[in-house]
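Here's the structure, in structure tokens; my notes come after.
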Amino acid sequence: MKTLVLTGESITLENLYEIANNSEIKAELGAGARAAMQKSRDYIEGRIKNGEVMYGVNTGFGAFSSVRISDSEIEQLQRNLIRSHSMGIGEPFTKIQSRAMMVLRANALARGHSGIRPAVVDKILEFLNNDIVPVIPSQGSVGASGDLAPLSHLALAIIGEGEVWQNGQSVPVQKVLAEKKMQPLDLKAKEGLSMINGCQVMTSVGLLAAWEARRLLWMADLAGAMSLEGLRGSRKPFDPLISATRPHPGESKTARNLLKLAGEMSEIGQSHLSEDHRVQDAYSLRCMPAVHGAAKDALRYVVKVLETEANSSTDNPLVFADDNKVLSCGNFHGMPVAHAMDFAGIAISSQASISECRISKMISHQMSELPAFLTPNGGLNSGHMIVQVAAASLVSENKVLAHPASVDSIPTSAEKEDHVSMGTIAARKFEKILRNAENVVAMEMLSACQALDLLAPLKPSAAVKAAYDQIRKTVPFAKEDRYFAKDVEAIRNMITRNEILAAAKSAVGELEW
36 MKTLVLTGES ITLENLYEIA NNSEIKAELG AGARAAMQKS RDYIEGRIKN
86 GEVMYGVNTG FGAFSSVRIS DSEIEQLQRN LIRSHSMGIG EPFTKIQSRA
136 MMVLRANALA RGHSGIRPAV VDKILEFLNN DIVPVIPSQG SVGASGDLAP
186 LSHLALAIIG EGEVWQNGQS VPVQKVLAEK KMQPLDLKAK EGLSMINGCQ
236 VMTSVGLLAA WEARRLLWMA DLAGAMSLEG LRGSRKPFDP LISATRPHPG
286 ESKTARNLLK LAGEMSEIGQ SHLSEDHRVQ DAYSLRCMPA VHGAAKDALR
336 YVVKVLETEA NSSTDNPLVF ADDNKVLSCG NFHGMPVAHA MDFAGIAISS
386 QASISECRIS KMISHQMSEL PAFLTPNGGL NSGHMIVQVA AASLVSENKV
436 LAHPASVDSI PTSAEKEDHV SMGTIAARKF EKILRNAENV VAMEMLSACQ
486 ALDLLAPLKP SAAVKAAYDQ IRKTVPFAKE DRYFAKDVEA IRNMITRNEI
536 LAAAKSAVGE LEW
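Below, the structure is given as structure tokens:
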């Protein structure tokens, strides 16, 4: 049985995606992290016994930070915090996303700067390892102090008062705990605050979406290669001499990917070498290294930011036992993640836009020299006319969604918390943009396959042929109009199951990102 050991520095894009999607993988607190947490806790308890006033330990929260709480009410303070802050609304995050949030919050606490007992992380991981996953509403966070509302729903379940997933349904956690003969967490001083004071919701949504965005960018290269063949485009813009003069990593990697996917010269490529009117292709073909490459560079930056955040202490106050300090701070502020999420949304929105451009070229007889709208009997049949319209709709929607959330801020908590990040809104927007982009790429592949059939008997490159064959197992050539939405859905499902990409890679090997 595979186990992820949480050290406070454990999380990567890959292992978070893996444990979020696979309940057979377990998590445990590392020995070093356990010792660091206990040392931090002992230090806090010593200061409590000395009667010192510390924010969130024996004071109220936010605008109530000046209110002193008696020692006899400290534990009630923590319970009240979780209950009152469980103000999420809207559709819940998926169970997979909530599993990721549990892992990330446990990992942040494992760093030992929160002054809480190791038992808190142990309890979170006990829930995780038994696949008892809180139901967490997706709306209600402004991204500072962290993801207070959604993380409160996570904590509410851990203390035995919230809702959890069971067989795809939301049920009271008490029911599941009774069935499994488990006990909820009994909160001590500061522990409620530490469970909710962080950016793990936006970071979880972002990392899981980033993993899928990486796959999408590979698929976009493959779809672009398929369209290149369908439009009988040139491979010259992918010559390594070109990218060497403009050394953005993503541009070079994309050019190499496209050369690998499109091949040196297929039968389709050979067929138009002597056509002098094809001096150079439209931007959506010729500029794929620049545009696709910029998206890759953006995503790598985003992943770096998110992995840093996933392995950070995002609490307030932070405890530094070795330095004899408890410091109020702003590490809970989600702006690093918010900016990254907005950047990711812009990059994937742009990626979908260039994909739609290629669909538009393929359905245009003037541009593709193929039958108009890719149908052999136009007029009676509309062909891919509305495939392009639907793609244009999704691209336009993405342009609206790509407006940055992080430029907005509304003061909260009676002006005490006067600047916030809106990072969770940015992360949720990024995920929506990604879903739209997946559909646009699926539409491009549908049109590209139709174009390749109309160019038969000329054969495309090996990778394009492998992808085409995989799609044609489910989605046949359209001799006449049919329900194309089902075709797009089928291709999108093949994208998310990695079937098309795997087929192409089996022909030419791994791709770069």
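Residues in the sequence shown are numbered consecutively from 36, following the numbering used here.
For each residue, glycine too, the CB sits at the ideal point set by N, CA and C.
Three or more C-beta pairs under 8 Å: does that hold for the region 332–339 against the region 396–413?
No, the region 332–339 does not touch the region 396–413.
Can you tell me whether Leu41 is helix, strand or coil according to DSSP?
DSSP places Leu41 in strand when its eight states are reduced to three.
Let me see if you follow: with CB-CB separation under 9 Å, is Ala325 close to chain C or not?
Given the protein chain composition of this structure (a single chain), no chain C is represented.
Quick check on Glu432: does DSSP put it in helix, strand or coil?
Here Glu432 sits in helix by DSSP.
Rounded C-beta distance between Lys451 and Ala98? I'm assuming under 8 Å.
The Cβ separation is near 4 Å, so the contact holds.
Quick check on Val442: does DSSP put it in helix, strand or coil?
It is coil, neither helix nor strand.
Where Ile124 and Phe96 are concerned, what is the direct C-alpha to C-alpha distance, given to the nearest angstrom?
Straight-line Cα distance between these residues: approximately 22 Å.
Output the distance between the C-alpha atoms of Asn528 and Leu481, rounded to the nearest integer angstrom.
Spanning the two alpha carbons is a distance of roughly 13 Å.
State the start and end residues of the unbroken alpha helix (DSSP H) segment that holds Gly125.
Looking at the DSSP string, Gly125 is not in any alpha helix (DSSP H); the run it does join, the beta strand (DSSP E), is 124–127.
Leaving out five residues before and five after Asp256 in sequence, what residues of the same chain have Cβ atoms less than 8 Å from its Cβ?
Thr289, Asn292, Leu293, Leu296, Met323, His327, Leu546.
If distances are taken between C-alpha atoms only, which option among Val424, Leu41, His438 comes closest to Lys464?
Among Val424, Leu41, His438, the Cα nearest to that of Lys464 belongs to His438.
Lys549: buried (16+ other C-beta within 10 angstroms of its C-beta) or exposed?
The structure shown does not extend to residue 549, since the chain is modelled only from 36 through 548, so no value can be given for it.
For Val155, collect the residues of the same chain with a Cβ closer than 6 Å to its Cβ; drop the 5 residues on either side in sequence, then sort them by chain order.
Hits under 6 Å: Glu226.
From what residue to what residue does the beta strand (DSSP E) around Ala62 run?
Run containing Ala62: 61–64, per the beta strand (DSSP E) assignment.
Between the beta-carbon of Val430 and the beta-carbon of Ala379, is there less than 9 Å?
Not a contact, by the Cβ cut-off of 9 Å.
Thinking Gly178 and Thr459 are a contact (beta carbons under 8 Å), I'd like their distance in whole angstroms, please.
Contact holds; Cβ gap of about 5 Å.
Taking a contact to mean a Cβ-Cβ separation below 9 Å, would you say Met136 touches Leu186 in this structure?
Yes.
Taking the alpha-carbon positions, what's the Ile383 to Leu341 distance?
Distance between the alpha carbons of Ile383 and Leu341 is about 17 Å.
By how many angstroms is the C-alpha of Asn115 removed from the C-alpha of Ala25?
With the chain covering 36 to 548 only, the question about residue 25 has no answer from this structure.
At which residues does the alpha helix (DSSP H) containing Trp548 begin and terminate?
Unbroken run through Trp548: none, as it is neither H nor E.
Pull up the DSSP beta-bridge partners for Arg152, would you.
Answer by DSSP bridge pairing: none, since Arg152 is not bridged.
Enumerate, from N- to C-terminal direction, the unbroken beta strand (DSSP E) stretches of 3 or more residues contained entirely within the region 330–370.
Fully enclosed beta strand (DSSP E) runs of 3 or longer: 353–355, 360–362.
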